[in-house]
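Data block below; observations after.
Numbering (UniProt numbering), first residue to last: 1 to 121.
Spelled out as structure tokens, the structure:
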């Protein structure tokens, strides 16, 4: 599901995002921007979020393993933040002051090991 006026940035973007989300191991996370980058559209983090928004509550894919670049869940504004945090904590992801440690929890596919950028914070 996309919001009015938005479309997938490239053909197949949705499928690539979903395929990546399916690969995130338990107890690890990816960011929306990372998903967009690995799906072939750097800068399309918001569109990756729209793809995931269509999964909440109705998919077996681990949508909860995608968080924002600050290590926080972004789903509080749509009413799923507490649930997402609980699901992640059940997998062993810890939150301190509302953030998880991306340096230890962020997952990159083996074939993209050169992709992680230097930490911003």
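Quick reminder that beta carbons are idealized off the backbone N, C-alpha and C, glycines included.
Residue 39 is a Cβ neighbour of residue 20, given a cutoff of 8 Å. A straight line joining the alpha-carbon of residue 91 with that of residue 73 spans about 15 Å. In this structure, residue 107 sits near residue 29, with a CB-CB distance shorter than 8 Å. Approximately 7 Å separates the beta-carbon atoms of residue 13 and residue 47; this is inside 8 Å, confirming the contact.
Looking at the backbone, the Cα of residue 26 and that of residue 15 are separated by about 21 Å. By the neighbour-count definition (other C-beta atoms within 10 Å, threshold 16), residue 66 is a buried residue. Secondary structure of residue 106 (DSSP, three-state): strand. In this structure, the alpha-carbon of residue 61 lies about 8 Å from that of residue 18. Here residue 31 has 45, 66, 67, 68, 69, 102, 106 as same chain residues with Cβ atoms under 8 Å from its own Cβ, once five neighbours each way along the sequence are excluded.
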